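Have a look at the structure below before the remarks.
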Amino acid sequence: MACLGYLALILAVLTSSLRVEARTVKEVPTLQRGQIDLRGWQGEQEILIHGEWLVLPDKLIHSSNYQSFDFPQLLRDPSAQFHQSNALYMPSSVSNVKGFHASFVLLIKNDTPRSLGIEVEGYKNESVTHIFVPELDYFFRLDQYGDPERDQPLAASLVTPSSYYNLDTVGLMGRDFYLTIGSRGVLPHNQNGLGISLMKLASSHQIDGNEIAKRIEQFVILGIYAMLMIYSLTIFFLRREDVSSLTVGLLSLFLALRYLATERLFLMLDWVHPLAPYNFIAIKLFYTYAALATVVFIYQKFNDYISRKFFKFCLAGVSFGFLDVLAGLAGTTDLSFVANVLLLLSFTLIIIPYFMFIGWKARYKGGLYASLSLLFFTIAMLHDFVVAFSGKLDPFWVGHYGMLSLAIGFALVNAKIFANTYQKSVELNETLEIKNKEITYFNKNLENLVRAKTQEITSLLDHIPQGVLSLEPGGRISRDYSRHLTDIIDESVIAGRSFKELVLDRSDLNADLKDQAWQTLMVVIGEEEINFEANLEKLPTELGYQSRNGTTWLKLTWNVDVTDSIVSKVLVTMLDVSNEKILAKETESQRQEFEIIRELVEAGARKIGQYFVSATALLRENAKILEQPESEIDHPHIQCMFINIHTIKGGARSLGLKELARAFHEVEEYYQEILRHGLDIRKDRLMKDQQMAMAVYERYQLVNTKKLNRSEDLSKVIIDRDFVESHYQILRDIVTDLDRKDKPLESIIQRIHSQKDTIIRLIFDQLPAVFDEYRPRADKIAKEVSRPKPNLDFNLESISITPQMKSMLDNCMVHLLRNALCHGIELPEERLKAGKSESGTITVKSHTQNNTLNLEIHDDGRGLAIEHLREKGVQLGLLHETAMVQDIAELIFAPGISTARMVTETSGRGVGMDAVRKFLEQQGGGIEIRLGNPKDESRRYYNFKFVITIPLPKTQTLLPKIHKIA
Numbered sequence: 006m007a008c009l010g011y012l013a014l015i016l017a018v019l020t021s022s023l024r025v026e027a028r029t030v031k032e033v034p035t036l037q038r039g040q041i042d043l044r045g046w047q048g049e050q051e052i053l054i055h056g057e058w059l060v061l062p063d064k065l066i067h068s069s070n071y072q073s074f075d076f077p078q079l080l081r082d083p084s085a086q087f088h089q090s091n092a093l094y095m096p097s098s099v100s101n102v103k104g105f106h107a108s109f110v111l112l113i114k115n116d117t118p119r120s121l122g123i124e125v126e127g128y129k130n131e132s133v134t135h136i137f138v139p140e141l142d143y144f145f146r147l148d149q150y151g152d153p154e155r156d157q158p159l160a161a162s163l164v165t166p167s168s169y170y171n172l173d174t175v176g177l178m179g180r181d182f183y184l185t186i187g188s189r190g191v192l193p194h195n196q197n198g199l200g201i202s203l204m205k206l207a208s209s210h211q212i213d214g215n216e217i218a219k220r221i222e223q224f225v226i227l228g229i230y231a232m233l234m235i236y237s238l239t240i241f242f243l244r245r246e247d248v249s250s251l252t253v254g255l256l257s258l259f260l261a262l263r264y265l266a267t268e269r270l271f272l273m274l275d276w277v278h279p280l281a282p283y284n285f286i287a288i289k290l291f292y293t294y295a296a297l298a299t300v301v302f303i304y305q306k307f308n309d310y311i312s313r314k315f316f317k318f319c320l321a322g323v324s325f326g327f328l329d330v331l332a333g334l335a336g337t338t339d340l341s342f343v344a345n346v347l348l349l350l351s352f353t354l355i356i357i358p359y360f361m362f363i364g365w366k367a368r369y370k371g372g373l374y375a376s377l378s379l380l381f382f383t384i385a386m387l388h389d390f391v392v393a394f395s396g397k398l399d400p401f402w403v404g405h406y407g408m409l410s411l412a413i414g415f416a417l418v419n420a421k422i423f424a425n426t427y428q429k430s431v432e433l434n435e436t437l438e439i440k441n442k443e444i445t446y447f448n449k450n451l452e453n454l455v456r457a458k459t460q461e462i463t464s465l466l467d468h469i470p471q472g473v474l475s476l477e478p479g480g481r482i483s484r485d486y487s488r489h490l491t492d493i494i495d496e497s498v499i500a501g502r503s504f505k506e507l508v509l510d511r512s513d514l515n516a517d518l519k520d521q522a523w524q525t526l527m528v529v530i531g532e533e534e535i536n537f538e539a540n541l542e543k544l545p546t547e548l549g550y551q552s553r554n555g556t557t558w559l560k561l562t563w564n565v566d567v568t569d570s571i572v573s574k575v576l577v578t579m580l581d582v583s584n585e586k587i588l589a590k591e592t593e594s595q596r597q598e599f600e601i602i603r604e605l606v607e608a609g610a611r612k613i614g615q616y617f618v619s620a621t622a623l624l625r626e627n628a629k630i631l632e633q634p635e636s637e638i639d640h641p642h643i644q645c646m647f648i649n650i651h652t653i654k655g656g657a658r659s660l661g662l663k664e665l666a667r668a669f670h671e672v673e674e675y676y677q678e679i680l681r682h683g684l685d686i687r688k689d690r691l692m693k694d695q696q697m698a699m700a701v702y703e704r705y706q707l708v709n710t711k712k713l714n715r716s717e718d719l720s721k722v723i724i725d726r727d728f729v730e731s732h733y734q735i736l737r738d739i740v741t742d743l744d745r746k747d748k749p750l751e752s753i754i755q756r757i758h759s760q761k762d763t764i765i766r767l768i769f770d771q772l773p774a775v776f777d778e779y780r781p782r783a784d785k786i787a788k789e790v791s792r793p794k795p796n797l798d799f800n801l802e803s804i805s806i807t808p809q810m811k812s813m814l815d816n817c818m819v820h821l822l823r824n825a826l827c828h829g830i831e832l833p834e835e836r837l838k839a840g841k842s843e844s845g846t847i848t849v850k851s852h853t854q855n856n857t858l859n860l861e862i863h864d865d866g867r868g869l870a871i872e873h874l875r876e877k878g879v880q881l882g883l884l885h886e887t888a889m890v891q892d893i894a895e896l897i898f899a900p901g902i903s904t905a906r907m908v909t910e911t912s913g914r915g916v917g918m919d920a921v922r923k924f925l926e927q928q929g930g931g932i933e934i935r936l937g938n939p940k941d942e943s944r945r946y947y948n949f950k951f952v953i954t955i956p957l958p959k960t961q962t963l964l965p966k967i968h969k970i971a
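When you read off a place in the sequence shown, starting at 1, and then add 5, the result is the number in the working numbering.
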C-alpha cells in the first residue's frame, strides 16, 4: 500500500507540474531568440528559463570587451548560433575543436525596479558567469566555481549543483541586462566543458528560501547517513561476527560520498577545486561501490535463497560500473555507453527485481524491509529519470531519498534479525528458568538419594577386598579410595599423594616402563578418551610392589571416568595376587619339570647320556676361554665358542629339548653379531649369557640324574624301567589333579581359566558380529546422502579377530560403505529406470586361507567407468592409451586421480582408495580390484569387486582349543 501511495504521489506531482505549465505558458515570460522579457511580470512565480540560447563560438565576454557588445550586433555575428534547450551543454561544433571558447548569451529585458534572484543548477567544469548592464556600464563576474570575484557587489553561496544569487542590485535598477555563461575547453580528451541542467529567475526572497531549504535538506540527509554509518560500524566492532553490519556501514559511507559528489559539496574546500572536472567520475565510482555493498549485504542475509553462481553474476553485473568509470577517465563515449547499458540491464532490470522477490520470500527474516527499500529506490530513480527527460518541467528530485531509504531499509533488516534473536533468547531464558525450577525441585529430592548412594559406596569401599583408587589431574590420588588399599601398599596416608611416588617408583618395573606409564597418565587425564585407548598398552597390568613387608605382587586394571568425551579421572584397581603368583610359579615350575621329563624320556636314556657328555666337554672349553682376560679374547675365540654353542643347540633341537635349544640359541645370537657386525667383545655379556644357558642346562642334568635316576656314564648306570614308568605316572597324575574340582588347586585353576576366557573376550571379536555393527552405520550414511537404506548381504565365517584387525576393518569398511552409498549405487529413480530395486545391495563374503582372512566386497551399482578412467589416466600421464583394462582399473588406487567429475561419472571409486591400500599394506594386508564382464555394449562400465586380505594372528590357530571349566 505504501508503494502504491508513493506512486500516486509521483503521478500527482508530475500531473500538477504539467497543469501549471499548461496554465501559465502564456503568462510567464519565456526565452525566445536569446531574449526574455520581464516587462509585465509581477515576480509572483519562478521562471524556468528554457528556449533558444544565443551561442557565440570562439568568443568570450569579459571585462575588456563587454562594452562593445549590443544585442543586434551579437545577432549579426557570423558565428552566432541558437541553442534550443532548457539545459546547456557545449554543442559538438564547438567542443570538437581543441581548446575551444564559447559564450552563451541571454538578454533580460526589464523596465521596472524589482526584487530579483537567480538559481543555476549543474555548473560543470571551466565556466564563467557574467552579468552586466550596458546602459550603466555595470559589470559583475562569477568565477568557474560559482564564487563571485572579490570586491564585487553580487553575493553568492558556496558552490553546489544549485548556485543561488541575489540580483536585487541589478533588478532594482529597472534596466535591461545581459546574463552570459562562458566556457573554456581545458578538460582532457576534449570533454564537454559546460553542463547546466536548469536555470530559474525569481524574486530574491524566493531564491533565498530555496537556498535555505536546500541547505537543510543537505544537512538532514548527510546527518542520517552519518548516524547509520556510526550505528552500523559500532555494532560491527562490538560483534565482529556480524559482518553484515560492516557492509551497511560501508553502504552508508558510499552513498554519503556519492551525495557529497552529486551536490558538489567537496568543492567547498579550495584544495579540491582542481579535481572538479572529475566530480562526475567520482559520482559513478561511489555509486558502483554502493551497488556492490547492496549485492553483498543481500547475499549475506539471504544466502539460503541465493545460489553462489547468481551471486557471482551480480558482482560481475555491478562491476560494469567500474568500466564506466574507466571510460569516463579515458574519454571514450562508446565504451561508456556500453558499460551503462550493461549496468542498467543487469543491476536495475535483473538484480534488483530478483532481490525484491528474495526479500519477499524471506520476509520473516526482515526481508520485507529489504524489498520495500529496493522498491522505493527503484521508483525514486525512475522518477528522476523521467523528470530529467520530460522537457520543460520544474524538476522535483527524489533520487537521494531513494538511496537513503536503501540504507535505512538495510539497517532495519539487521535490526529485525537482531530483534528476532533477542526474542528467542528471552524465550530461551524463560524456558531455562522453568527448567531451573524443576531441577531445583528435583535436586531437593535428590539429596536424600545421593546421601543414601554415598553411604552405599562408602560401605562398598570399606569392605571390598581390593585396592581401589582414582587419579586426578597431576597424577594425584583422590580422597576416595578403598580401605583395603592401605593394607596392600602398607601406607596410612594416601590421599593427595603422587601415584608415581607411591606406586610406580616402588615397583619392580624398569625405568623405561615406569616413565612410559607415568607419561601416559599425564597425557590421558584432561584429554580426549581416544588418548587413553591409544596408550592403554603402556600401562602395566602386573607389577611387583616393594613394601616394608617385602615384595607384593599386584594385578592392575585401568578404566577412565569420562565427561563430554574428556577423561576427568583414571580409575585403578589393585588385586594382591602374591599367593596366586607363588602358586602359579610352583605350578609353572612343575609344568616345566614335567615337560623336561617328558622330553628326556622320549629322547631315550642312551642318547641323552651321550648328549650330556659331549655338551659338557664343549661347555668346559668355552669356560676355559672365558677364564682369560678380556683383552686376550679375540675373534678366533668367539668363533670357537660360537661353533660349540651351535653344536650344543643343534643337538638339543634334534632330541626335542626345546627350552634348552632356545636358551643356547639366545647365547649364539650375540656371538653371531660380533662375528658379522663387528660388535665389541664384552666379557661381562659373555659371562652373563653363559650363566643363563648353564642354569637351564644344569636343570636338565639335574632332572635326568635325580628324577629319572640316570647316569651320564651309560656303562655304569642301570635305569630301572619300572621306577621311571611309576614316577612318570605320578607326575602325570599331579598334572591331572591340577584340573580336578575336588583338589585344593581347583579354585586357582578355575580362576586362571576364567581369566583366560575374559582376556579372550576382551581381545577377540567374532567376524559376523563385527559386520553386524556396520548395518546401522550404513543406514546412517544412507540417510545423510538421501539414499534408501541399503540391503547388506553378509556371508561370513565365524572366526575370531583381534582388536587390531577390527580397527583395520572399521577404517576400511566404513570408507567403502560410504563410497558405495554416495557414488556407487545410483539414485532411486535411476535404479527404477534400469529395472533394479529402489534400494541397492552391498555384498560381503569371507574365507580364510593360509592363515589369511580374505574379504570380497561388491555392490549392484552402475559399475566402474573404465573409459573415463582411461581418459583421466592418459591426461595425467599415468598410463598409455593402449593400456590393459586391469591397468586402467588400478588407477583408482593412484593418489590424486579422484576429481569432482570423477566422483560423479565413476561412482567415486577412486576417492581415497590409495589411502585404504597404504593403510592395509602397513598392517601386513592388502586390497585389489578384480574386474568382471562389461555392463554395456560400449564397454564403458565393468562389473568389479574389491578383495581385501588381512593376516590372521598366530593365536588364531589356538582359539579352538580354548575352553571353559564347567
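Where is the CB? At the ideal position from N, CA and C, for every residue including glycine.
The structure displayed is predicted, hence computed values, not measured ones.
Residue i: first and last residue of the uninterrupted alpha helix (DSSP H) it sits in
i	result
S503	That residue, S503, is in no alpha helix (DSSP H); it is neither H nor E in DSSP.
R836	833-838
I493	489-494
D339	338-348
G228	209-243
V508	Run containing V508: none; DSSP gives neither H nor E here.
W523	516-529
Endpoints, the beta strand (DSSP E) within which residue i is located
i	result
F109	106-114
L548	547-552
N859	857-864
R972	Outside the displayed range of the chain (6 to 971) lies residue 972, so it cannot be described from this structure.
Reduced DSSP secondary structure (H/G/I, E/B, other) of residue i
i	result
L797	strand
F951	strand
S69	coil
I724	Residue placement at I724 is poorly supported in this model, since its pLDDT is 47, which falls under 50; the coordinates still yield a value, given next. I724: coil per DSSP, three-state reduction.
P118	coil
P958	coil
E593	helix
K966	With a pLDDT of only 36 at K966, under 50, the local geometry of the prediction cannot be trusted, and no value is derived from it.
H873	helix
Y310	coil
Y486	coil
K366	helix
E886	coil
Closest residue to residue i among the options (Cα-Cα distance)
i	options	result
L860	V225, F285, L814	L814
H106	L884, S188, N345, E635	S188
S69	F144, I52, T35	F144
S534	W558, K519, I571	The residue you asked about is not Ser; residue 534 is Glu in the sequence shown. Residue I571 is the option with its Cα nearest to E534.
M361	L349, V248, V125, Y304	Y304
G929	Y946, I953, L936	I953
Okay, do the segment 842-853 and the segment 775-795 touch, 3+ Cβ pairs below 8 Å being the bar? yes
Give, in chain order, every unbroken run of the alpha helix (DSSP H) that is at least 4 residues long and sits entirely within the segment 615-677. 640-660
Meets three-Cβ-pair contact criterion under 8 Å: the segment 285-298 and the segment 323-335: yes
Under 8 Å: do the segment 623-632 and the segment 683-696 share three or more Cβ pairs, one atom per stretch? yes
Is the segment 670-678 touching the segment 601-621, taking contact as three or more C-beta pairs under 8 Å? no
Counting pairs of Cβ atoms below 8 Å between the segment 485-494 and the segment 522-542, do you hit three or more? no
Quick check: the segment 422-429 against the segment 377-386, are there 3 or more CB pairs under 8 Å? no
Identify every run of the alpha helix (DSSP H) within the segment 31-68, keeping only runs that are complete inside it and at least 4 residues long; order them along the chain. none
If contact is defined by three or more beta carbon pairs under 8 Å, each pair taking one atom from either stretch, is the segment 208-217 in contact with the segment 232-241? no
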